[in-house]
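Reviewing the structure listed below.
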Amino acid sequence: MSPALQPHRQTRQTIVRLLSSMASAKEISQYLKRFSQLDAKRFAVVKVGGAVLRDDLDALTSSLSFLQEVGLTPIVLHGAGPQLDAELSAAGIEKQTVNGLRVTSPEALAIVRRVFQQSNLRLVEALQQNGARATSITGGVFEAEYLDMDTYGLVGEVKKVNLAPIEASLRAGSIPVITSLGETAGGQILNVNADFAANELVQELQPYKIIFLTGTGGLLDEQGNVIDSINLSTEYDHLIAQPWIHGGMKVKIEQIKDLLDRLPLESSVSITRPADLAKELFTHKGSGTLVRKGEKVLRATTWSELDLPRLKGLIESSFGRSLVPGYFEKTRLLRAYVSENYRTAVILTDEAEGVYLDKFAVLDDAQGEGLGRAVWNVMREETPQLFWRSRHGNPINHFYYAESDGCYKQDHWKVFWFGADGIDRIKTYVDHCAQRAPSLQG
1 MSPALQPHRQ TRQTIVRLLS SMASAKEISQ YLKRFSQLDA KRFAVVKVGG AVLRDDLDAL
61 TSSLSFLQEV GLTPIVLHGA GPQLDAELSA AGIEKQTVNG LRVTSPEALA IVRRVFQQSN
121 LRLVEALQQN GARATSITGG VFEAEYLDMD TYGLVGEVKK VNLAPIEASL RAGSIPVITS
181 LGETAGGQIL NVNADFAANE LVQELQPYKI IFLTGTGGLL DEQGNVIDSI NLSTEYDHLI
241 AQPWIHGGMK VKIEQIKDLL DRLPLESSVS ITRPADLAKE LFTHKGSGTL VRKGEKVLRA
301 TTWSELDLPR LKGLIESSFG RSLVPGYFEK TRLLRAYVSE NYRTAVILTD EAEGVYLDKF
361 AVLDDAQGEG LGRAVWNVMR EETPQLFWRS RHGNPINHFY YAESDGCYKQ DHWKVFWFGA
421 DGIDRIKTYV DHCAQRAPSL QG
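For the sequence shown, UniProt numbering begins at 1 and goes up steadily by one.
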């Protein structure tokens, strides 16, 4: 990272304290370190819709300024749809769309240019007034050709992305704020759909994070609640087949999958509100929808099917303690669910009282990705009954409470279960957990 992008240590410590109300300082520092190790242009591309610019400018500028304060410079690309609709209507130009794209006449293009420039400068000025450094980039990034002049008019398809203006802004420690206007090789300005422009920019930059800022704060499930994470490797086919996935949401999920398929495995998409951006980026729990390409989940019923040294390393790293000698020989495996890169594992054993969750291990660098949730969900699909124990101070207990039907508190343990067939069964769970020998040393 260039010196211009490095925050003062005192500033960073202050930010960590401010964020501590949302998560532990260790958790926040983990994300800061991870992001800070990236090349500046690979941190994040932030796509801002015109509605957010119109309705939520203060929260947007506050969140983007915050990122700069901690030494992270996002690349911002914005639309201006609602503003453009209003200006075209005021000029007496009827809105026409074909296949979801705005037909753009020469008269309309003049308004498109003006509205994009106004929206761009409004955001840049708001950032500067908030103490941030920001650069207006309204051209020179997207080289385009006519998509189909007879059908769409002056609408462009991006053929090349020129990163020079963006890189110059980043070297100066300034947030690049980009419009989606394109230009032909001959200099003709063309209107480019902001989502398509963002996709081309992302493919060129290969960023770690792609962030869509919206008013809804994420993708919504059947009950209208925000879906916290989606692991495409294990959940895409099931999700896309749900009857409550309407046309617009289906298209959005398909677009995100297509985007992530062309990016490195570590890249991810976050959909959140401007005010929740810091929480989404710097805490495991997040605040919005996190979409990752994810990892496939391996299912095993015998230890011989697994790479035991890698599994042992995962468990010991996750818990910070060593397994007891002979753990795999002594433990009666029923089923194990392990992510393909051995970053998350769920181990179930077959006990007289029922199916027991012996280990749920997630590496530090996988926390916040939704990978643990994805592996857990695969396990739950074929496990109607389960019981387990967890130490009182375990930070994952809030997750266990949400996933269980009940909890019984012992001196050193909390006993959780779901699917129990009566109080007598629960008593056997409690007795088993009280007497079970530890499988970790120390």
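Glycine included, every Cβ here is placed at the ideal spot set by N, Cα and C.
Note that the structure is predicted; figures quoted are calculated from it, not measured.
Worksheet item: Residues bridged to Leu213 by DSSP?
Response: Val48, Thr272
Discussion item. Any contact between the region 226-244 and the region 294-314? By contact I mean 3 or more CB pairs, one from each, below 8 angstroms.
Written reply: yes
Worksheet item: Between Ala300 and Ala278, which are expected to be in contact by the criterion C-beta below 8 angstroms, what is the C-beta distance as a whole number of angstroms?
Response: 39 angstroms between Cβ atoms; not a contact.
Practice prompt. Tell me whether Gly182 sits in a helix, a strand or coil according to DSSP, three-state version.
Written response: strand
Worksheet item: Using the C-alpha atoms, what's the distance from Ser174 back to Ser2?
Response: Per-residue confidence for Ser2 stands at a pLDDT of 43, beneath the threshold of 50, marking its modelled position as unreliable; the derived number appears in the next sentence. Their Cα atoms are separated by approximately 12 angstroms.
Discussion item. For Gln242 and Pro438, what's the separation of their Cα atoms in angstroms?
Written reply: 42 angstroms
Worksheet item: Apart from the five residues on each side of it in sequence, which residues of its chain come closer than 7 angstroms, Cβ to Cβ, to Ser21?
Response: Interpretation of Ser21 is limited by its pLDDT of 49, a score under 50 that renders its predicted location unreliable; no figure is taken from the coordinates.
Item to complete: Taking only the alpha-carbon atoms, compute the straight-line gap between Leu334 and Trp244 and give it to the nearest angstrom.
Response: 35 angstroms
Worksheet item: Grouping DSSP H, G and I as helix and E and B as strand, with all else coil, what is Glu340?
Response: coil
Worksheet item: According to the neighbour-count rule (16 or more other Cβ atoms, all chains shown, within 10 Å of its Cβ), is Ser322 buried or exposed?
Response: exposed
Worksheet entry | Opening and closing residue of the alpha helix (DSSP H) in which Phe196 lies | 194-205
Discussion item. Give the list of continuous alpha helix (DSSP H) stretches no shorter than 4 residues that lie fully inside the region 98-145.
Written reply: 106-129
Practice prompt. With a floor of 4 residues, list each alpha helix (DSSP H) that falls wholly inside the UniProt domain "N-acetyltransferase" (295-441), ordered by position along the chain.
Written response: 308-319, 327-330, 371-381, 397-403, 423-435
Worksheet item: What did DSSP end up calling Val158 once you bin it into helix, strand or coil?
Response: strand
Worksheet item: According to the neighbour-count rule (16 or more other Cβ atoms, all chains shown, within 10 Å of its Cβ), is Asp358 buried or exposed?
Response: buried
Discussion item. So, under 8 angstroms CB-CB, Leu440 and Val324 are touching, yes? Tell me the CB distance rounded to an integer number of Å.
Written reply: 7 angstroms
Item to complete: Can you check DSSP and say which residues form a bridge with Thr289?
Response: Ile271
Discussion item. Here's the rule I'm using: 16 or more other beta-carbon atoms within 10 Å means buried, otherwise exposed. How should Arg273 be labelled?
Written reply: buried
Fill in: Inter-residue CB distance, Ala80 and Val103 (contact presumed, cutoff 8 angstroms)
In fact, because the Cβ distance is near 17 angstroms, the residues do not count as touching under 8 angstroms.
Worksheet item: In three-state DSSP terms, what is Ile256?
Response: helix
Practice prompt. Inspect the beta-carbon positions of Ile240 and Lys250 and report whether they are closer than 9 angstroms.
Written response: yes
Worksheet item: Can you give the Cα-Cα distance for Asp258 and Gln410, rounded to whole angstroms?
Response: 49 angstroms
Discussion item. Short of 8 angstroms in beta carbon distance, which residues of its chain neighbour Gln435, apart from the five on each side in sequence? Order them along the chain.
Written reply: none
Practice prompt. Please classify residue 446: does DSSP put it in a helix, a strand, or coil?
Written response: Any question about residue 446 goes unanswered here, given that the chain covers just 1 to 442.
Practice prompt. Give the single residue among Asp55, Glu351, Ile210 whose Cα lies nearest to the Cα of Glu280.
Written response: Ile210
Discussion item. Going by the DSSP bridge assignment, what does Ser229 pair with across the sheet?
Written reply: Leu290
Worksheet item: Are at least three pairs of beta-carbons, each pair with one atom in the region 44-55 and one in the region 214-224, less than 8 angstroms apart?
Response: yes
Worksheet item: Should Arg113 and Leu181 be called a contact, given that it needs their Cβ atoms to be closer than 9 angstroms?
Response: yes
Worksheet entry | Simplified DSSP assignment, three categories, for Leu220 | strand
Discussion item. Determine, for Leu72, whether the minimum Cβ-Cβ distance to residues of chain C falls below 9 angstroms.
Written reply: The structure shown contains no chain C; it is built from a single protein chain.
Item to complete: Can you say whether Arg262 is buried or exposed, counting buried as having 16 or more other CB atoms within 10 angstroms of its CB?
Response: exposed
Worksheet item: Where does Pro165 sit, in a helix, a strand or coil, going by DSSP?
Response: helix
Worksheet item: Are the beta-carbon atoms of Leu386 and Tyr342 separated by less than 9 angstroms?
Response: no
Worksheet item: Quick one: what's got a C-beta closer than 7 angstroms to Phe66's C-beta in the same chain, skipping five residues either side?
Response: Ala278
Worksheet item: Would you say Leu77 and Lys47 are within 9 angstroms of each other, going by their C-beta atoms?
Response: yes
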